[in-house]
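Asks:
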């Protein structure tokens, strides 16, 4: 098979991606501020919170890790937290694989650094852009850079004001995360087939949240939704 020409990565594409990511920025900023404010409750310094967002850049996994953060650690607690965050982030394996048909002809020194910027929102936007005929990898990189910068800045802002919020849940900050992901998912709706997996995942997650403490409802709900979606056929 003949290898296609290398995928372009241009400044024009980066600016295009950055512009089209802007409508999601208010939700992302609120999400980052929620993490920053919650990190204050766990005793993180401003530097620790900002470094966490800048170096880890894992959104939901950071929130999950924060929920299970302890002052005193045991090997079992570290293992449990590692397994949970790994499970939450396993979606990035599938997200990265889905981008291979687009980016595989790009040089490795461009492809792999670009994937460090992959987040849920810019991945979803970039895949939609590519499905509509776009081919400039700069779109993905530009939207990722904007996402990363806002995530770091909003974390710092949330930490700065977080000390003045006794309980973030009291002012509804805990609603920011689900609202953000709902807003991100809706543009990717492709028909009734998605309703099965999404519906099962939502129902199981809500039920498990009343039974098990912590963030295990994410893992169990995701597995249930994937299982249900795998047995759904478009032609039925």
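In UniProt numbering, the protein residues as written are 1 to 236.
We put the CB at the ideal spot given by N, CA and C, even for glycine.
Which value, in whole angstroms, describes the spacing of the CA atoms of residue 297 and residue 78?
Replies: The requested residue 297 does not occur in the structure, where the chain is confined to residues 1 to 236.
Asks: Between 140, 37, 87, which lies nearest to residue 127 when the distance is taken from Cα to Cα?
Replies: Here residue 127 refers to the residue found at position 127 of the chain shown. Nearest of 140, 37, 87 to residue 127, Cα basis: 140.
Asks: Taking 8 Å as the threshold, find out whether the segment 214 to 227 comes into contact with the segment 92 to 101 through three or more Cβ pairs.
Replies: no
Asks: Count the other CB atoms within 10 Å of the CB of residue 112; is the residue buried (16 or more) or exposed (fewer)?
Replies: For the purposes of this step, residue 112 is identified with residue 112 of the chain shown, where counting begins at 1. Residue 112 is exposed by the Cβ-count criterion.
Asks: In whole angstroms, give me the CA-to-CA distance for residue 68 and residue 22.
Replies: Translated into positions along the chain shown, residue 68 becomes position 68. Translated into positions along the chain shown, residue 22 becomes position 22. Looking at the two C-alpha atoms, the distance is approximately 32 Å.
Asks: For the alpha helix (DSSP H) holding residue 147, just list the boundary residues, first then last.
Replies: Locating residue 147 in the chain shown gives position 147, counting from the first residue. Per DSSP, residue 147 belongs to the alpha helix (DSSP H) from 138 to 162.
Asks: Residues in the same chain with beta-carbon distance under 8 Å from residue 18, minus the five sequence neighbours each way, listed in chain order, please.
Replies: Within the chain shown, numbered from 1, the residue matching residue 18 stands at position 18. The residues are 142, 143, 145, 146.
Asks: Go to residue 19, then tell me how far its alpha helix (DSSP H) extends in each direction, as first and last residue.
Replies: As a first step, residue 19 must be located in the chain shown, where it is residue number 19. Segment 11 to 21, the alpha helix (DSSP H) holding residue 19.
Asks: How many angstroms separate the CA atom of residue 1 from the CA atom of residue 103?
Replies: Translated into positions along the chain shown, residue 1 becomes position 1. Translated into positions along the chain shown, residue 103 becomes position 103. Because the pLDDT at residue 1 is just 48, under 50, the model does not fix this residue reliably, and the value given afterwards should be weighed accordingly. Their Cα atoms are separated by approximately 16 Å.
Asks: One question on the structure: do residue 138 and residue 9 come within less than 7 Å of each other, judged by their Cβ atoms?
Replies: Against the chain shown, residue 138 aligns to sequence position 138. Against the chain shown, residue 9 aligns to sequence position 9. Yes, these two residues count as a Cβ contact at 7 Å.
Asks: Report buried or exposed for residue 12, applying the criterion of at least 16 other Cβ atoms within 10 angstroms of its Cβ.
Replies: Position 12 of the chain shown, counting from 1, holds the residue named residue 12. Taking all protein chains shown into account, residue 12 has fewer than 16 neighbouring C-beta atoms within 10 Å of its C-beta and is therefore exposed.
Asks: Apart from the five residues just before and just after residue 236, which ones in its own chain have a Cβ nearer than 6 Å to its Cβ?
Replies: Residue mapping note: residue 236 aligns to position 236 of the chain shown, counting from 1. Residue placement at residue 236 is flagged as unreliable, the pLDDT there being 47, under the threshold of 50; a coordinate-derived value is accordingly withheld.
Asks: At the level of alpha carbons, what is the spacing between residue 31 and residue 37?
Replies: Numbered from its first residue, the chain shown carries residue 31 at position 31. Numbered from its first residue, the chain shown carries residue 37 at position 37. Answer to the nearest angstrom: the Cα atoms are 10 Å apart.
Asks: Buried or exposed: which applies to residue 60, given that a residue is buried once 16 or more other Cβ atoms fall within 10 Å of its Cβ?
Replies: By 1-based counting over the chain shown, the position of residue 60 is 60. Label assigned to residue 60: buried.
Asks: Under 8 Å by Cβ, that's how I've got residue 6 and residue 106 pegged, so tell me the actual separation to the nearest angstrom.
Replies: The residue you call residue 6 lines up with position 6 of the chain shown. The residue you call residue 106 lines up with position 106 of the chain shown. 6 Å between Cβ atoms; contact.
Asks: Using alpha carbons as the reference points, say which of 221, 26, 99, 198 lies closest to residue 153.
Replies: One-based indexing of the chain shown puts residue 153 at position 153. Of the listed residues, the one whose Cα sits closest to residue 153 is 26.
Asks: Could you pull out every residue in the same chain whose Cβ sits closer than 7 Å to the Cβ of residue 33, ignoring the five residues on either side in sequence?
Replies: For the purposes of this step, residue 33 is taken as residue 33 along the chain shown, with counting starting at 1. So the qualifying residues of the chain are 154, 157, 158.
Asks: Mind checking whether residue 150 and residue 28 have CB atoms under 7 Å apart?
Replies: Here the question's residue 150 lines up with position 150 in the chain shown. Here the question's residue 28 lines up with position 28 in the chain shown. Going by C-beta atoms, residue 150 is nearer than 7 Å to residue 28.
Asks: Please report the straight-line C-alpha distance between residue 162 and residue 41, rounded to a whole angstrom.
Replies: To locate residue 162, count along the chain shown from 1; it is residue 162. To locate residue 41, count along the chain shown from 1; it is residue 41. Approximately 8 Å, taken between the alpha carbons.
Asks: Going along the chain, which residues of its own chain have a beta-carbon closer than 6 Å to the beta-carbon of residue 53, five neighbours each way excluded?
Replies: Residue 53 sits at position 53 when you count from the first residue of the chain shown. If we look at residue 53 and ignore the five residues flanking it on each side, its Cβ neighbours are 151, 152, 155.
Asks: Grouping DSSP H, G and I as helix and E and B as strand, with all else coil, what is residue 74?
Replies: For the purposes of this step, residue 74 is identified with residue 74 of the chain shown, where counting begins at 1. In the structure shown, residue 74 sits in coil (DSSP, three-state: anything other than H, G, I, E or B).
Asks: With H, G and I counted as helix, E and B as strand and the rest as coil, what does DSSP make of residue 104?
Replies: Translated into the one-based positions of the chain shown, residue 104 becomes position 104. Residue 104: coil per DSSP, three-state reduction.
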